[in-house]
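Chemist: If you read the sequence shown in numbering that gives the first Met the number 0, its first letter stands for residue 0, the second for the next number, and so on.
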Amino acid sequence: MKIAPSILSADFSELAGEVARVAQEADLLHVDVMDGHFVPNLTIGPPVIKSLRKRTDLYFDCHLMVDNPGDLLDDFADAGADGCTVHIEVGDPRPLFGRIRELGMRVGLTFNPDTPFDAVEPYLDEIDVLLFMSVFPGFGGQAFIPSVLDKVAAARRAVDERGLPVELEIDGGIDPETGARAAAAGVDILVAGSAIFHADDPAAAARGIREAAGPGRARQSS
Ligand code: DX5
Ligand code: ZN
Numbered sequence: 000m001k002i003a004p005s006i007l008s009a010d011f012s013e014l015a016g017e018v019a020r021v022a023q024e025a026d027l028l029h030v031d032v033m034d035g036h037f038v039p040n041l042t043i044g045p046p047v048i049k050s051l052r053k054r055t056d057l058y059f060d061c062h063l064m065v066d067n068p069g070d071l072l073d074d075f076a077d078a079g080a081d082g083c084t085v086h087i088e089v090g091d092p093r094p095l096f097g098r099i100r101e102l103g104m105r106v107g108l109t110f111n112p113d114t115p116f117d118a119v120e121p122y123l124d125e126i127d128v129l130l131f132m133s134v135f136p137g138f139g140g141q142a143f144i145p146s147v148l149d150k151v152a153a154a155r156r157a158v159d160e161r162g163l164p165v166e167l168e169i170d171g172g173i174d175p176e177t178g179a180r181a182a183a184a185g186v187d188i189l190v191a192g193s194a195i196f197h198a199d200d201p202a203a204a205a206r207g208i209r210e211a212a213g214p215g216r217a218r219q220s221s
């Protein structure tokens, strides 16, 4: 099981230090980019990512909650993003996938809790990561929406049946208990913000989520 701490819940005045505190337990770093339009919150963008790039080698998993991702992809690549995940709700994602790949980044697609799996299923063989939103995007610290687990299970079946190398990632309300349920449904990557960065020991919190999730598919398939 991979753990992706979400820096949305970190202390932005100490960002590099906050990242260093979880780095040992982080497989990737989840970066929430919000524009105040696609979601009613405003966070960070390429300049902050570029600064942070100088302070860590962690994989930057950028979740773009913006109306105009296509206008920003070059800036994210230039800033050092490793992957960019775009929302199906902004429209046809194919031109975005093409540009993300041209820029040498990994391609992610995500969808809101009220968007059906059918909306993203046609793109499974064009993406590297499918991100399930288990809260409505915009804020950390919201309650996990359990109905997403049916979509995870459906995607797990589809990906396995077709032998696709797509990783399944889940974001929102993840803690040891919900993380274990998501793991059982078949996710590969758990994003967690408040459960990690609001803990006294963020690395121990990340480890706790990983341990509660168990070995994931590695054990199940052996
Ligand atoms: C929500 C963001 C999440 C957020 C999760 O819009 O996409 O990545 O940081 O925070 P928690 O883990 O606190 O729900
Ligand atoms: Zn996110």
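In this text, a Cβ means the ideal position worked out from N, Cα and C, and glycines have one as well.
What would DSSP say about Ser146, mapped onto helix, strand or coil?
Modeler: Translated into the one-based positions of the sequence shown, residue 146 becomes position 147. DSSP places Ser146 in coil when its eight states are reduced to three.
Chemist: Does ligand 2 have a heavy atom nearer than 8 Å to the CB of His86?
Modeler: For the purposes of this step, residue 86 is taken as the residue at position 87 of the sequence shown. No, the Cβ of His86 stays beyond 8 Å of every heavy atom of ligand 2.
Chemist: May I ask you to check if the CB of Ser5 is nearer than 8 Å to at least one heavy atom of ligand 2?
Modeler: For the purposes of this step, residue 5 is taken as residue 6 along the sequence shown, with counting starting at 1. Yes, the beta carbon of Ser5 sits closer than 8 Å to at least one heavy atom of ligand 2.
Chemist: Let me check understanding here. Comparing Cα to Cα, which of Ile173, Ile195, Asp81 and Leu102 lies closest to Leu57?
Modeler: Reading the sequence shown from its first residue, position 58 is the one you call residue 57. Looking at the Cα atoms, Asp81 is the closest of the given residues.
Chemist: Indicate the three-state DSSP secondary structure (helix, strand or coil) for Ser221 in the structure shown.
Modeler: Looking up residue 221 in the sequence shown gives position 222. At Ser221, the pLDDT of 40 sits below 50, so the modelled position is not reliable; the number obtained from the coordinates is stated separately. It is coil, neither helix nor strand.
Chemist: At which residues does the alpha helix (DSSP H) containing Arg93 begin and terminate?
Modeler: Residue mapping note: residue 93 aligns to position 94 of the sequence shown, counting from 1. Element bounds for Arg93: Arg93 to Glu101.
Chemist: Would you kindly report the start and end of the unbroken alpha helix (DSSP H) that includes Asp10?
Modeler: Translated into the one-based positions of the sequence shown, residue 10 becomes position 11. Careful: Asp10 lies outside any alpha helix (DSSP H) and carries neither H nor E.
Chemist: Is the closest heavy atom of ligand 1 to the C-beta of Ser146 under 8 Å?
Modeler: As a working mapping, residue 146 is identified with position 147 in the sequence shown. Incorrect: Ser146 has no Cβ contact closer than 8 Å to ligand 1.
Chemist: Under 9 Å between the Cβ atoms of Asp31 and Pro121?
Modeler: By one-based count along the sequence shown, residue 31 stands at place 32. By one-based count along the sequence shown, residue 121 stands at place 122. Not in contact: Asp31 and Pro121 (Cβ atoms no closer than 9 Å).
Chemist: Quick one: residues in its chain with C-beta nearer than 6 Å to the C-beta of Phe96, no 5 flanking neighbours on either side, listed in chain order?
Modeler: Position 97 of the sequence shown holds residue 96. So the qualifying residues of the chain are Val106 and Glu125.
Chemist: For the stretch 143-214, list the alpha helix (DSSP H) runs that are entirely contained and at least 4 residues long, ordered along the chain.
Modeler: If we require 4 residues or more, the alpha helix (DSSP H) runs fully inside the stretch 143-214 come out as 147-161, 175-184, 193-196 and 201-212.
Chemist: Using only the alpha-carbon positions, how far apart do Glu17 and Ala9 sit?
Modeler: On the sequence shown, residue 17 is found 18 positions in, with the first residue counted as 1. On the sequence shown, residue 9 is found 10 positions in, with the first residue counted as 1. Taking the straight line from one Cα to the other gives about 6 Å.
Chemist: With DSSP as the reference, label Asp124 as helix, strand or coil.
Modeler: Translated into positions along the sequence shown, residue 124 becomes position 125. Helix, per DSSP.
Chemist: Quick one: is Lys1 near chain B, going by C-beta distance under 9 Å?
Modeler: The structure shown contains no chain B; it holds only a single protein chain.
Chemist: Can you name the start and end residues of the alpha helix (DSSP H) that Phe75 belongs to?
Modeler: The residue labelled residue 75 in the question sits at position 76 within the sequence shown. It spans Leu72 to Ala78 - the alpha helix (DSSP H) in which Phe75 sits, taken as one unbroken run.
Chemist: Three-state secondary structure (DSSP) at Phe37?
Modeler: The residue given as residue 37 occupies position 38 in the sequence shown. The answer is coil: DSSP assigns Phe37 none of H, G, I, E or B.
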